[in-house]
Structures are given as structure tokens and as C-alpha cells.
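Under the numbering used here, the first residue of the sequence shown is numbered 1, with each subsequent residue one higher.
Quick reminder that beta carbons are idealized off the backbone N, C-alpha and C, glycines included.
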Amino acid sequence: MREFKGRPVVPGQCKATALVSHKGFNTLASFQKSLMFNDKTAKCSDQNNGDLYEKPMAKTALCIPQTIGSTTGGLVLFSAAAMGRQPACMLFSQPIDSLAAAGCILTDVWLDDVNMPTVDNLGEEFLEYVKTGMSITVKEDGTVIVE
């Protein structure tokens, strides 16, 4: 077990199974098929991300360095959440970009029944330590426990 401390962008608590990518997360490419073709498990459709491709992202602790790609990233995150296909939480090893932050924050503000805690600045050690399938607990103050 290891504990990491980051900055809570969207405070909240959750417990979920880790899904890890060491590459930048292309939000649009990853959620596109899920949003267009009613895939409720939100299997990653980004063929360029071998860590995540075709793995279900809904209800996971999505552990990534940062987001990359389209300026629609925030809207895509919000849309996934509005459809119930969002990760349980989003955990960034690096600082979150403004587009992803907007999507996470708007989800928290506009969707009453959705909780998607978001923590950034967890550090490179976090992404080196956490592996897909590990148990993740997120606390309100940005503490992330990996077991």
C-alpha cells in the first residue's frame, strides 16, 4: 500500500479499480465510440493508446499523466458523465490542463447525481507505482491510496 498527495481539482471520495495509461489521454478519441454507439462500458476507442485501447473506462480510477488532443476534451468528459459513462475518478500525475479541468468541474456543478473526484499533481512516482487492477481510494483532501 502506498499513499500519494495531490491537489483536489474536484473534491470527493471514491473507491475504484485502477486503469492506467502512461501516454497522454486523448479524451475525444477515447470516448468517441462510447458516445456515438451507446457503449455503456465506455471501452477506449483510441487505437494510439495501447495501455487503454478497448478496455472499459466507466467506473474506473483513470490514472493518466495528462490529456492531449482536441479542444472538445472538456465537453467530451461532461457528455460521458451525463450519459453515465465517466470514470469513477480522474487521477493525473501532472498538472491538469484547462480543458479537462473544465469538463470535470462542469460535471460536478451541473450534474447533481454524478461524483467524479479529480486530483492532479500526484507526481511521476504515482504513475510508476500504480498498475491496472490495483485498488484506489480517493479522499476529499486529494489523498490517493493505492493497494
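In this structure, does DSSP put residue i in helix, strand or coil?
i	result
residue 118	strand
residue 33	helix
residue 101	helix
residue 27	helix
residue 132	coil
residue 41	coil
residue 19	strand
residue 56	strand
residue 11	coil
residue 64	strand
residue 96	coil
With a cut-off of 8 angstroms on the beta carbons, I'd call residue i and residue j a contact; round off their distance for me.
i	j	result
residue 93	residue 127	4 angstroms
Taking the beta strand (DSSP E) that residue i falls in, what are its first and last residues?
i	result
residue 79	Segment 73 to 82 is the alpha helix (DSSP H) holding residue 79; no beta strand (DSSP E) there.
residue 3	2 to 5
residue 127	Careful: residue 127 lies outside any beta strand (DSSP E), inside the alpha helix (DSSP H) at 124 to 129.
residue 111	Per DSSP, residue 111 belongs to no beta strand (DSSP E) and is neither H nor E.
residue 90	89 to 92
Excluding the five sequence neighbours on either side, which residues of its own chain have a C-beta within less than 6 angstroms of the C-beta of residue i, listed in chain order?
i	result
residue 118	9, 10, 90 and 104
residue 12	115 and 117
What does a CB cutoff of less than 8 angstroms around residue i pick up in its chain, not counting 5 residues either side in sequence?
i	result
residue 75	103
Looking only at its own chain, which residues have a Cβ that is under 7 angstroms from the Cβ of residue i, when we skip the five neighbours before and after it?
i	result
residue 51	20, 21, 22 and 23
Indicate whether the contact test is met: 3 or more Cβ pairs, each with one atom in the region 1 to 18 and one in the region 54 to 65, closer than 8 angstroms.
Yes, the region 1 to 18 is in contact with the region 54 to 65.
Determine contact between the region 130 to 140 and the region 18 to 36, defined as no fewer than three beta-carbon pairs at a distance below 8 angstroms.
Taking one beta carbon from each stretch, the region 130 to 140 and the region 18 to 36 have 3 or more pairs nearer than 8 angstroms; the two touch.
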